[in-house]
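See structure below.
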Amino acid sequence: MGIAFTEYGPYWRSLRKFCNQQLFTASKIESFAPSRKEVLTHFIESLKEAAAAKEVVNIKFNLKEIIEELLYMVGVFNLADFVPFLGAFDLQVLCL
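Heads up, the sequence shown is in my numbering, so the first residue is 5 and it goes up one at a time.
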């Protein structure tokens, strides 16, 4: 069970401590900057194209797609999580 659905107590505090020490460090967050920039750039380009074509854009739908893809990517088993040097090869074609 994840931290979001765990009752407050010793287990929750240990999960929170782990997240603060391992997941929410400046270096870990910074490591995702290229991915965030790529997604944002693609999103802005699609908005520019729609504006040039004078189309109405449903931003809620686009954000929903992005969030769904993010949740899929986070939940997928990634061999590179266990054998780090394989990450450079993207054997599972997880980076679209």
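Just so you know, even glycine gets a beta-carbon here, dropped at the ideal spot from N, CA and C.
Proximity below 9 Å, CB of residue i to CB of residue j
i	j	result
residue 66	residue 36	no
residue 61	residue 50	yes
residue 19	residue 10	yes
Supposed close pair residue i, residue j - CB separation, criterion 8 Å
i	j	result
residue 84	residue 75	Incorrect: roughly 19 Å between the Cβ atoms, too far for contact.
From the options, residue whose alpha carbon lies closest to that of residue i
i	options	result
residue 73	19, 43, 54	43
Only counting runs of 3 or more residues, tell me where the beta strand (DSSP E) segments fall wholly within the stretch 7-50, in order along the chain. The stretch 7-50 contains no whole beta strand (DSSP E) run of 3 or more residues.
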